[in-house]
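Add 1133 to the 1-based position in the sequence shown for my numbering, that's all there is to it.
Every residue gets a Cβ at the ideal spot worked out from N, C-alpha and C, and that includes glycine.
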Amino acid sequence: MTQREQLDRLVDEGNGYLSCKEAADRGISPQVVSLYAHEKGLVREARGLYRDPGAWEDPLYTFQFRYPKLVFSHETALFLLGLSEREPVAVSATLATGTGSAALAHDGVRVYKVRSGLFELGLGAAETPFGHPVRCYSRERTLVDLLRSRTTVDQQELLAALKGYARSRRRDTPLLMRYARAFSVDRLLATYLEVLL
């Protein structure tokens, strides 16, 4: 298989996106990728990431690619996990304390910070609506994050998410309470759950 055929396959496998890193993993140099992108008319989404002009733009995947340390959280995580029907107006992401966030804030991302010891708690993955994998917190961690930030998030969204979780067969209440204890919102969560369960 020629390098161009390999790149065609990578674009197909990436739902219209081509990463220089994936190409390099297959032994294809950045110069060949750049030439291929120019010949095919690919759009440069970020440094090392190209998109076929016929493919849908995926801003969440592009953010994840540009800022690999971020984890989607709060309203964005609700949307990615299927706990909310509404696409968030602003992208919400969490970073470990000490990680620079000025560029993200400039790009319109609502940035939350958490200390390093709690950053990995509930870390998982989800797919964007366009089929790309991104880092995202679990359902339980997302609900705890929303409770922690209850003054800045939409109250209807918070209540709808808690109600949906309470009705879900996949709920893990002990895990939810453990996360709530770690973030010191266990009493508040217990109050909500008493009403909902």
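For residue 1252, which option in 1211, 1280, 1315 has the closest C-alpha, if you only look at C-alpha atoms? Sorting 1211, 1280, 1315 by C-alpha distance to the C-alpha of residue 1252 places 1315 at the top.
Could you pull the DSSP bridge partners for residue 1266 from this structure? Checking the DSSP bridge columns, you'll see residue 1266 partnered with 1260.
Contact check, residue 1225 vs residue 1182, beta carbons under 8 Å: Residue 1225 places its beta carbon 8 Å or farther from that of residue 1182.
Bounding residues of the alpha helix (DSSP H) (the contiguous stretch that carries residue 1275): 1272–1281
Within the chosen definition, does the segment 1191–1198 reach the segment 1163–1175 through at least 3 CB pairs nearer than 8 Å? no
Segment limits, beta strand (DSSP E) that includes residue 1227: 1225–1229
C-alpha distance - residue 1282 paired with residue 1171, whole-angstrom precision: 45 Å
Should residue 1207 go down as buried or exposed, given a rule of 16 or more other Cβ atoms within 10 Å for buried? buried
Does DSSP put residue 1165 in a helix, a strand or coil? helix
Selected residue, minimal CA-CA separation from residue 1159, among 1137, 1150, 1258, 1317: Of the residues 1137, 1150, 1258, 1317, the one whose Cα lies closest to the Cα of residue 1159 is 1137.
Which one of 1285, 1204, 1243 has the shortest CA to CA distance from residue 1271? 1204
For residue 1216, which of helix, strand or coil comes out of DSSP? It is coil, neither helix nor strand.
Counterpart residues of residue 1184 in DSSP-defined beta bridges: 1150, 1176
For residue 1243, which of helix, strand or coil comes out of DSSP? Three-state DSSP puts residue 1243 in a strand.
Less than 7 Å between C-beta atoms, sequence neighbours within five positions excluded: which residues of the same chain meet that for residue 1235? none
What's the call for residue 1222, buried or exposed, on a 16-neighbour Cβ count within 10 Å? By the 10 Å Cβ count, residue 1222 comes out exposed.
Collapsed DSSP secondary structure at residue 1133 in the structure displayed: No statement about residue 1133 is possible, as the shown extent of the chain runs from 1134 to 1330 and does not include it.
Output yes if chain C places a C-beta closer than 8 Å to the C-beta of residue 1142; else output no. The question asks about chain C, but that chain is absent: this structure has only one protein chain.
With DSSP as the reference, label residue 1209 as helix, strand or coil. Correct three-state label for residue 1209: helix.
Determine whether the beta carbon atoms of residue 1243 and residue 1258 lie at a separation below 8 Å. no
Supposed contact pair residue 1312 and residue 1274 - C-beta distance, whole angstroms, cut 8 Å: 6 Å
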